[in-house]
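Enquirer: My questions will all concern the structure given below.
In the numbering used here, the protein residues as written are 5 to 147.
This is the structure in structure tokens:
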């Protein structure tokens, strides 16, 4: 019996490759988003730590320095928030690319499954026909 051959296998392989590439790019985008969120968390923790330390300070110079540091933290936070917004946009774009790649891959997978099912049915019919011919030929020999 001949073996199953999917004529669009190369296209399916290409779609699989595109899907894996999209997964990798989405992973990188989510990783970047996570990195920015962690940096924001570090800024918040640093601010909280310095607020507690500032409560015990009595020197004007120390308070001024802490205030300047807070201004720096606020600027850093604003920059990180802008980066996070951009990273979220990139992540959404990558998610859409991933969805499209998965959709294209799934369509070809379903087509392959249908053709394989059809091929199996045809192969079974062919096998039954050959078996019937063999049985008929043996019956006619014995008769």
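Backbone N, C-alpha and C fix where the C-beta goes; we use that ideal spot for every residue, glycine too.
According to DSSP, is residue 102 helix, strand or coil?
Expert: The sequence position of residue 102 within the chain shown is 98, counting from 1. Helix, per DSSP.
Enquirer: Let me know if residue 93 comes out buried or exposed under the rule of 16 or more other beta-carbons within 10 Å of its beta-carbon.
Expert: Working through the chain shown from its first residue, we reach residue 93 at position 89. The residue in question, residue 93, is exposed, as its Cβ has fewer than 16 Cβ neighbours within 10 Å.
Enquirer: Thinking C-beta only, is residue 26 closer than 8 Å to residue 102?
Expert: Position 98 of the chain shown holds residue 102. Position 22 of the chain shown holds residue 26. Yes; because the gap between Cβ atoms is below 8 Å, this pair is in contact.
Enquirer: Measure the C-alpha to C-alpha separation of residue 13 and residue 42 and round it to an integer number of angstroms.
Expert: Looking up residue 13 in the chain shown gives position 9. Looking up residue 42 in the chain shown gives position 38. Rounded to whole angstroms, residue 13 to residue 42 spans 43 Å at the Cα level.
Enquirer: Output the residue ranges of the beta strand (DSSP E) runs that lie fully inside the region 104 to 137 and measure 3 residues or longer, sorted by chain position.
Expert: For the region 104 to 137, not a single whole beta strand (DSSP E) run of length 3 or above is found.
Enquirer: Sorted by chain position, which residues of the same chain lie with C-beta nearer than 7 Å to residue 23's C-beta, five sequence neighbours on each side aside?
Expert: Translated into the one-based positions of the chain shown, residue 23 becomes position 19. Counting only Cβ-Cβ distances below 7 Å, and skipping sequence neighbours, we find 105, 106, 109.
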